[in-house]
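A.B. asks:
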Amino acid sequence: MKRLLLAAALAALIVPPAPAAWWAENDYISGSNGLKKDSLSVFRKHSPAFTSGLNVSFYKDSAGYGDRVYSFRLPLMYSGPSYYISLKPFLYPVSPNTRSGASGGKLYLLTSLGETRDEGYTHLAVSGAWARQKAFTNKAGVLERKNFSQAAFEVQAEKSFFGQFFFQASAAGFTKPAGASNATVQRPVLDQAELAYLGTLRPLTAIPEWALTAQLARSMKPEYDSHLYAGYSKISFRQADRANSVIAGIKLGLNEKSSLDFAYNAYKQEHSTWKNYYRIFLQIFF
Numbered sequence: 000m001k002r003l004l005l006a007a008a009l010a011a012l013i014v015p016p017a018p019a020a021w022w023a024e025n026d027y028i029s030g031s032n033g034l035k036k037d038s039l040s041v042f043r044k045h046s047p048a049f050t051s052g053l054n055v056s057f058y059k060d061s062a063g064y065g066d067r068v069y070s071f072r073l074p075l076m077y078s079g080p081s082y083y084i085s086l087k088p089f090l091y092p093v094s095p096n097t098r099s100g101a102s103g104g105k106l107y108l109l110t111s112l113g114e115t116r117d118e119g120y121t122h123l124a125v126s127g128a129w130a131r132q133k134a135f136t137n138k139a140g141v142l143e144r145k146n147f148s149q150a151a152f153e154v155q156a157e158k159s160f161f162g163q164f165f166f167q168a169s170a171a172g173f174t175k176p177a178g179a180s181n182a183t184v185q186r187p188v189l190d191q192a193e194l195a196y197l198g199t200l201r202p203l204t205a206i207p208e209w210a211l212t213a214q215l216a217r218s219m220k221p222e223y224d225s226h227l228y229a230g231y232s233k234i235s236f237r238q239a240d241r242a243n244s245v246i247a248g249i250k251l252g253l254n255e256k257s258s259l260d261f262a263y264n265a266y267k268q269e270h271s272t273w274k275n276y277y278r279i280f281l282q283i284f285f
């Protein structure tokens, strides 16, 4: 299962080189509305099959989240001969500025449906996620503290051709939380990408209804240690305008133990202007 390119990357489950006992990642994103998002992760490989990690991140912008919103994750991963399982609990401590918080987790399973002699393969992944949020709601001018729950279910399929071309598609559905809506919730902090892949670089705190994504990748090996990729997603929000997102990027192998990823994301909600976001992702194995 070392050839997990798109599905593994989208789930933030990168398979390390065999000798690597642990590795670190830094994911920095900036863009429209003064967005600054930084994420630092450290992973430890305890055995050939089991890996654990720790992630700390924050985001802030000038459109309602002026102070940093911090979050923490504890990913646990197990790799079998033809399957991959991960559990990722997460926590958003209640912020003094937004007075909102969240907690939950995501369970992810990927399995191989077959590999061919020409280095092609088909992978299928399913995931389920849950979250509980604390936030204020505003109904008819009355502020009230609410606790509400969400869940999401996602299916991903990835197909590789000749070990050079990769296609990935996913569909996700989100439950409707009781007692909360995008029209009433005040500054929730949970990035909905915790629950399912949305195909964006920016945090999305509005409550989605469904999301559809597609992504293509091209390996430039053996001439160059790099991958080119591009993707599109359509996101439907509850009681809010839908959004379109386009991502393009390149992942470069700097040497045997490090890689660098550059990406650009154009995001547009209907009846709004395009927003632009940029990503630098560094990965180092030890």
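When we follow numbering that gives the first Met the number 0, the leftmost residue of the sequence shown carries the number 0, and every step to the right adds one.
No residue lacks a Cβ here, since even glycine has one placed at the ideal position from N, Cα and C.
PHE236 and GLY248 look like a contact to me (Cβ under 8 Å); what is the Cβ gap, rounded to whole Å?
C.D. replies: In fact, because the Cβ distance is near 25 Å, the residues do not count as touching under 8 Å.
A.B. asks: DSSP state of GLY178, grouped into three classes?
C.D. replies: If DSSP states are grouped into helix, strand and coil, GLY178 belongs with coil.
A.B. asks: Report the three-state DSSP secondary structure of SER40 (helix, strand or coil).
C.D. replies: strand
A.B. asks: Considering only the beta carbon of each residue, do ALA205 and GLU153 sit closer than 8 Å?
C.D. replies: no
A.B. asks: Rounded to whole angstroms, what's the CA-CA distance from ALA156 to VAL68? Just pull it up for me.
C.D. replies: Just so you know, the alpha carbons of ALA156 and VAL68 end up roughly 32 Å apart.
A.B. asks: Using CA atoms only, rank isn't needed, just tell me which of SER258, ALA216, LEU108 is closest to TYR82.
C.D. replies: Considering only SER258, ALA216, LEU108, the residue with the shortest C-alpha distance to TYR82 is LEU108.
A.B. asks: Do you know offhand how far GLY30's Cα is from SER38's?
C.D. replies: 15 Å
A.B. asks: Check whether the Cβ atoms of SER99 and VAL93 sit closer than 8 Å, and answer yes or no.
C.D. replies: yes
A.B. asks: Leaving aside the five residues before and after LYS138 along the sequence, list all residues of the same chain whose C-beta is less than 8 Å from its C-beta, in chain order.
C.D. replies: THR183
A.B. asks: At 4 residues or longer, what runs of the alpha helix (DSSP H) sit wholly inside the stretch 119-170?
C.D. replies: Secondary structure in the stretch 119-170: no alpha helix (DSSP H) run of 4 residues or longer lies completely within the stretch.
A.B. asks: For the putative contact between LYS256 and ILE283, defined by C-beta atoms under 8 Å, what is the C-beta separation to the nearest angstrom?
C.D. replies: 6 Å
A.B. asks: Which residues bound the beta strand (DSSP E) around GLN268?
C.D. replies: 257-268
A.B. asks: Please classify ASN32: does DSSP put it in a helix, a strand, or coil?
C.D. replies: Helix at ASN32.
A.B. asks: Indicate whether the contact test is met: 3 or more Cβ pairs, each with one atom in the stretch 75-91 and one in the stretch 163-170, closer than 8 Å.
C.D. replies: no
A.B. asks: Between the alpha carbons of LEU9 and LEU53, how many angstroms are there, rounded?
C.D. replies: Note that LEU9 scores 44 on pLDDT, short of 50, meaning its location in the model is unreliable; the coordinates nonetheless yield the value given after this. Their backbone Cα atoms lie some 17 Å apart in a straight line.
A.B. asks: Could you tell me the distance, in whole angstroms, from the CA atom of GLY252 to the CA atom of LEU211?
C.D. replies: 29 Å
A.B. asks: Output the boundary residues of the beta strand (DSSP E) element that contains THR97.
C.D. replies: Counting along the chain, THR97 falls outside any beta strand (DSSP E), and DSSP gives it neither H nor E.
A.B. asks: Ordered along the chain, which non-local residues of its own chain (more than five positions away) have a Cβ less than 6 Å from that of GLY127?
C.D. replies: Only LEU106, PHE152 meet the Cβ criterion.
A.B. asks: Who are the near neighbours of LEU90 in its chain, counting only those whose CB is closer than 6 Å to its CB and skipping five residues on each side?
C.D. replies: PHE71, SER102
A.B. asks: Could you check how far apart the C-beta atoms of TYR228 and LEU215 are, in whole angstroms? I think they sit under 8 Å.
C.D. replies: 7 Å
A.B. asks: Determine the direct distance from the alpha carbon of ASP26 to that of PHE42, and round the result to whole angstroms.
C.D. replies: Straight-line measurement puts the Cα of ASP26 at about 14 Å from the Cα of PHE42.
A.B. asks: Can you tell me which of the three DSSP states GLN282 falls into?
C.D. replies: In this structure, GLN282 counts as strand in the three-state DSSP scheme.
A.B. asks: What number of angstroms, rounded off, separates the C-alpha of ALA179 from the C-alpha of PHE135?
C.D. replies: 9 Å
A.B. asks: In the DSSP output, what is MET76 paired with across the bridge?
C.D. replies: THR50, SER85
A.B. asks: Which residues in the same chain as THR121 place their Cβ atom closer than 6 Å to its Cβ, once the five residues preceding and following it in sequence are excluded?
C.D. replies: LEU112, GLY113, LYS158
A.B. asks: Report the residue from GLU208, THR50, THR97, GLN185 whose alpha carbon sits nearest the alpha carbon of GLY140.
C.D. replies: GLN185
A.B. asks: Within a Cβ cutoff of 6 Å, which residues of the same chain sit near ASP66, ignoring the five residues on either side of it in sequence?
C.D. replies: ASN96
A.B. asks: Under the three-state reduction of DSSP, which class applies to GLU222: helix, strand or coil?
C.D. replies: coil
A.B. asks: Report yes if the C-beta distance between PRO207 and GLN191 is below 8 Å; otherwise report no.
C.D. replies: yes
A.B. asks: Determine the direct distance from the alpha carbon of LEU197 to that of SER56, and round the result to whole angstroms.
C.D. replies: Cα to Cα, SER56 sits roughly 18 Å from LEU197.
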